[in-house]
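What follows is a single structure, written as structure tokens, with notes after it.
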DNA sequence: TCCAGAGATGAATCCACCC
DNA sequence: GGGGTGGATTCATCTCTGG
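Residue numbers (this note's numbering), protein chains in the order written: chain P, 189 to 582; chain A, 189 to 582.
Below is the structure:
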């Protein structure tokens, strides 16, 4: 259900104590007008985030939070999305409306972002406050995998306390007792979820669009199938799309009729980016074994992850053009490795190329292609820099 | 320099406008008494974090922030460490004393933690607010490496704007032009720095001890050699130790004489954990190639990272004991793989073991050792679960 | 019914020992 | 002797009990 109205009037359309989850992404008090054009430039979406004063902003928010509180069931929760500009005001308002003791989590949505360097740190997170209406709230624990540094062997061993109260592993004879497989680590409050890619199909051109994956996680934590989800500032309707995909009922409101139209349209044809990054996580792109990574570090090169022919680029401030490096794999012949590197370089104008080989007998150089081969046993930053980096061609 | 006194009196010891960086880690308004014993149980360190009301806490902090503001140079900055309990109050205080426009960053210190599960998300971050005294503040940009998902090839291509103002890659003929090597991505405001390990030598037994690595990053961002660093709640003196190691001058105050003694002692013998984790990052423990990881996922097994003989454990809720799995590598013979798995299992009472082999001709089972070998071409969750997981022994 | 304090808990990490 | 792996330790915890 979608209503074009101020959410202050939500009670005209919703029963009190009927909603299981409120997710809202209100204006952030940026004091700016936000605009963005859609894909074919035919429409411009805007919203206004300018206020007379902090106080008027605070009142505006607090009044609407009160309505949210009223429509929520006792077992319900609210997730409030904010950026750093006014997060403290928003949390204050939540404390007042929901009560300090119903604060559950400060969720950090962390993402990687491309941006020009400014003075200072690159802002790459937003905050989601999670409050429950009462102490008895719906919550479905999720688990994440153990850290790679964890000693899993040991985690599976049963423990007891000895007489002095120290913990020890229970053993029969010399062998420890194994216990049932564990589920993993409870989900942390720092969520690394990629930002909606500028080219993602999921994008509809509305400002501040959130990835569906983020909303899916929120819905999975606090609702079941059939539950009612309410988004009082629904905008382009990401929350509602996520709800629809996950078989929750949904109700959205927005002051902009264009937003409502857009959301309506999205709900009829929900598109979710099938992104490998979103599904498998950033690390799935890491295809280098640690050996290779260490080798690259040794010769002072940047690692490159998504290229079969190039493993890294040599770092050197004085050179204008980077030099691609490939490290021969044990399952590759020297000639195969050579071909892969050349193929990968075909479409660019690298002037020199470097192959590190474990089977080449000595340093060699094919001057026609400016192709250097260095045996891995000799490879060092010093040798490389004296051979390749000195004769700079710009 | 270390002074045993309330930092409200800092001006007795410090000139106004003399300090380059203030880092503080004040009480968090947890309304609890915090204690911890040191390594050999000879000393107990405590501090009190109980307050009459939020207001008294707020005043306490605000008064001390005013002193910090006064001792700071115009080019100086303040980093205020807080947890989620009262971060909004602290930020209000900073806004009032330093001015909203001097807010620079909300830094998220994120870590992995071990704690028993509760209803809700596992709290695993703390917040550091970064404010500058003026707009002209010292800041030394740091860079981190590109995300593995980044297409580095493309980053190195020069870009220009076309007539319509859209950016495009500059090409000569069909080949893109390569530009100078880049420095990396500007440091983000989400910092993943491991929590101080329970067994770390760096630990001195004082509650809430922060890792030196965290402080080093703060100091590197906002100070140079010789600069003066002030910690008004220095506790065990981590900030000062970091300052000393980085050749900054330092000044610490604390209300507890035990803390001052401890800090003094630490400064005389600064110990910093030489941690592989801190140096190389968590991913250095990941020694599995993506192929192996995908294979494990396919057969529904937990990956194990730190073991030459065991690559994973089969997941199954109904079984009592986990079953270790090894996947034969191409550079290993079947017999080597077999031996490695058996050796790794020696000290535990696993009842079944599974080896996935690319050279075994067919499924085989050594009943004496309960050792199963499955050819990799046949390996699937269905086969494995019907062969190994059904006949449960508890 | 609420609060304080005791008791149970669990995985991430460094360390030290062992081949 | 040096890399690998088992073991110990911890709680700006979390939960439960009893007064």
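The beta carbon of each residue, even a glycine, is placed where N, CA and C say it ideally should be.
On the DSSP bridge assignment, give the partners of residue i in chain order.
{"i": "residue 294 of chain A", "result": "A:317"}
{"i": "residue 543 of chain A", "result": "A:514, A:561"}
{"i": "residue 191 of chain P", "result": "P:441"}
{"i": "residue 419 of chain A", "result": "A:440"}
{"i": "residue 269 of chain P", "result": "P:316"}
{"i": "residue 490 of chain A", "result": "A:501"}
{"i": "residue 379 of chain P", "result": "P:297"}
{"i": "residue 332 of chain A", "result": "A:373"}
{"i": "residue 310 of chain A", "result": "P:376"}
Kindly say whether residue i, judged by its beta-carbon, lies nearer than 7 Å to any beta-carbon of chain P.
{"i": "residue 563 of chain A", "result": "no"}
{"i": "residue 207 of chain A", "result": "no"}
{"i": "residue 369 of chain A", "result": "At residue 369 of chain A the pLDDT is 49, less than 50, meaning the model places this residue with poor confidence and gives no usable figure here."}
{"i": "residue 191 of chain A", "result": "no"}
{"i": "residue 240 of chain A", "result": "no"}
{"i": "residue 290 of chain A", "result": "no"}
{"i": "residue 280 of chain A", "result": "yes"}
{"i": "residue 264 of chain A", "result": "no"}
{"i": "residue 546 of chain A", "result": "no"}
{"i": "residue 311 of chain A", "result": "yes"}
Less than 7 Å between the C-beta atoms of residue i and residue j, yes or no?
{"i": "residue 431 of chain A", "j": "residue 404 of chain A", "result": "no"}
{"i": "residue 515 of chain P", "j": "residue 499 of chain P", "result": "yes"}
{"i": "residue 376 of chain P", "j": "residue 573 of chain A", "result": "no"}
{"i": "residue 407 of chain P", "j": "residue 441 of chain P", "result": "no"}
{"i": "residue 261 of chain A", "j": "residue 208 of chain A", "result": "yes"}
{"i": "residue 401 of chain P", "j": "residue 424 of chain P", "result": "no"}
{"i": "residue 284 of chain A", "j": "residue 317 of chain A", "result": "no"}
{"i": "residue 421 of chain A", "j": "residue 210 of chain A", "result": "no"}
{"i": "residue 382 of chain P", "j": "residue 299 of chain P", "result": "yes"}
{"i": "residue 531 of chain A", "j": "residue 497 of chain A", "result": "yes"}
{"i": "residue 446 of chain A", "j": "residue 390 of chain A", "result": "no"}
{"i": "residue 239 of chain A", "j": "residue 297 of chain A", "result": "no"}
{"i": "residue 247 of chain P", "j": "residue 235 of chain P", "result": "no"}
{"i": "residue 336 of chain P", "j": "residue 301 of chain A", "result": "no"}
What are the boundary residues of the alpha helix (DSSP H) that residue i is part of?
{"i": "residue 242 of chain A", "result": "242-259"}
{"i": "residue 548 of chain A", "result": "First-last for residue 548 of chain A: undefined, no H or E at that position."}
{"i": "residue 276 of chain P", "result": "275-286"}
{"i": "residue 209 of chain P", "result": "Here residue 209 of chain P belongs to no alpha helix (DSSP H); instead the beta strand (DSSP E) covers 207-212."}
{"i": "residue 342 of chain P", "result": "340-343"}
{"i": "residue 524 of chain A", "result": "522-533"}
{"i": "residue 427 of chain A", "result": "426-433"}
{"i": "residue 570 of chain P", "result": "569-572"}
Suppose the cutoff is 7 Å on Cβ atoms and the five residues either side in sequence are ignored; what does the same chain contact list for residue i look like?
{"i": "residue 204 of chain P", "result": "258, 259"}
{"i": "residue 224 of chain A", "result": "233, 393, 394, 395"}
{"i": "residue 522 of chain A", "result": "516, 545, 547, 548"}
{"i": "residue 524 of chain P", "result": "none"}
{"i": "residue 489 of chain P", "result": "500, 501, 502, 503, 513"}
{"i": "residue 275 of chain A", "result": "315"}
{"i": "residue 255 of chain P", "result": "195, 196, 198, 199"}
{"i": "residue 454 of chain A", "result": "392, 424, 425, 429"}
{"i": "residue 253 of chain P", "result": "281, 282, 285"}
{"i": "residue 201 of chain P", "result": "191"}
Output needed for residue i: all residues of its chain with C-beta closer than 6 Å, excluding positions within five of it in sequence on either side, in chain order.
{"i": "residue 189 of chain P", "result": "439"}
{"i": "residue 411 of chain P", "result": "208, 209, 436"}
{"i": "residue 226 of chain A", "result": "393"}
{"i": "residue 561 of chain A", "result": "543, 545, 548, 552"}
Got a sec: is the Cβ-Cβ distance from residue i to anything in chain A below 7 Å?
{"i": "residue 259 of chain P", "result": "no"}
{"i": "residue 528 of chain P", "result": "no"}
{"i": "residue 444 of chain P", "result": "no"}
{"i": "residue 274 of chain P", "result": "no"}
{"i": "residue 376 of chain P", "result": "yes"}
{"i": "residue 307 of chain P", "result": "yes"}
What are the boundary residues of the beta strand (DSSP E) that includes residue i?
{"i": "residue 223 of chain A", "result": "220-225"}
{"i": "residue 234 of chain P", "result": "232-237"}
Considering only residues of the same chain and omitting the five flanking positions on each side of residue i, which have a CB-CB separation below 8 Å?
{"i": "residue 564 of chain P", "result": "483, 515, 516, 544, 545, 546"}
{"i": "residue 576 of chain P", "result": "502, 511, 540, 542, 560"}
For residue i, verify whether its CB is less than 6 Å away from any heavy atom of the ligand FMN.
{"i": "residue 249 of chain A", "result": "Judged by which ligands are present, the structure shown has none, so any question about the ligand FMN falls away."}
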